[in-house]
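Asker: My questions all concern the structure below.
In this note's numbering, the protein residues as written are 229 to 455.
Written out as structure tokens, the structure is:
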């Protein structure tokens, strides 16, 4: 149909694709982690992924389609500018514009959707909990399962089935920005940060940083210093 937008967050699940002879398609693909890292942790994409996985097709108005096509074309025009010093940031900015245009069309489509399905409800409740910043001190799946009155196994299976991602990945996605904010505050020692974030020990805190930031807390802070 004319002006249909299809968002495919999990392309590995797509199969048996065929096109009609008179079909015309404009498409854009990007690394999931790259796009994910552009957005704040409590962004609309987390909750919106629930309904997108259930119904990935969004009917666009002519104006919405025009905006998205312009986003696609602008990205395509600048993809060859790899020689630019801020190429990654430039492309990230253009991708962010495109994503917010998509979010707007999706939000309008789902404005009256109550998400009555229990599995979707559970996931949305989890996202609401995470949006409060509770992952600063609570990062165990069992904690969230207890808050939602379900078993950890049920919560893990439900979130994975609905979104394609684990509960832990969403917890970490909300925790890492909080972690960075603390590390950016030089008034706080690493021990103070570990205590505020309820890590069992400084060594465990350091391992968490290494896993999610790619470097130790001290190395991360050093990277913030002007060169």
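Glycine is no exception: its CB is placed at the ideal position from the N, C-alpha and C atoms.
None of the values given here were measured: they were computed from a predicted structure.
Between 254, 327, 296, which has its C-alpha nearest residue 265's C-alpha?
Answerer: Comparing Cα-Cα distances from residue 265 to each of 254, 327, 296, the minimum goes to 327.
Asker: Answer with yes or no whether the minimum CB distance from residue 370 to chain B is below 7 Å.
Answerer: The displayed structure is made up of one protein chain only, and chain B is not part of it.
Asker: Would you tell me roughly how many angstroms separate the C-alpha atoms of residue 394 and residue 352, rounded to the nearest one?
Answerer: 14 Å
Asker: Could you pull out every residue in the same chain whose Cβ sits closer than 7 Å to the Cβ of residue 396, ignoring the five residues on either side in sequence?
Answerer: 369
Asker: Taking only three categories from DSSP, how would you classify residue 439?
Answerer: Correct three-state label for residue 439: helix.
Asker: Taking the alpha carbon of residue 450 as the point to measure from, which residue in 418, 398, 317 has its own alpha carbon closest?
Answerer: 418
Asker: Select from 332, 249, 300, 334 the residue whose C-alpha is nearest the C-alpha of residue 320.
Answerer: 300
Asker: Reducing DSSP to helix, strand and coil, say where residue 444 ends up.
Answerer: coil
Asker: Please report the Cβ distance between residue 231 and residue 288, rounded to the nearest whole angstrom; I am assuming they are in contact, meaning their Cβ atoms lie under 8 Å.
Answerer: 4 Å
Asker: On the three-pair Cβ rule with 8 Å, is the stretch 362 to 382 touching the stretch 292 to 299?
Answerer: no
Asker: Over what stretch of residues does the beta strand (DSSP E) that includes residue 176 continue unbroken?
Answerer: What the structure shows of the chain is the stretch from 229 to 455, and residue 176 is not part of that stretch, so it cannot be assessed.
Asker: Starting from residue 285, trace the beta strand (DSSP E) in both directions and tell me its first and last residue.
Answerer: 285 to 287
Asker: Below 8 Å on the Cβ atoms is my contact criterion, and I expect residue 435 with residue 399 to pass it. Report the Cβ-Cβ distance as a whole number of Å.
Answerer: Contact doesn't hold; Cβ gap of about 16 Å is too wide.
Asker: Going by DSSP, which residues form a beta bridge with residue 233?
Answerer: 286
Asker: What span of residues does the alpha helix (DSSP H) with residue 331 cover, start to end?
Answerer: 315 to 337
Asker: Going by the beta-carbon positions, is the gap between residue 253 and residue 284 smaller than 7 Å?
Answerer: no
Asker: When you compare only the Cα positions, how much space is there between residue 336 and residue 286?
Answerer: Rounded to whole angstroms, residue 336 to residue 286 spans 10 Å at the Cα level.
Asker: Would you identify the three-state DSSP class for residue 355, choosing helix, strand or coil?
Answerer: helix
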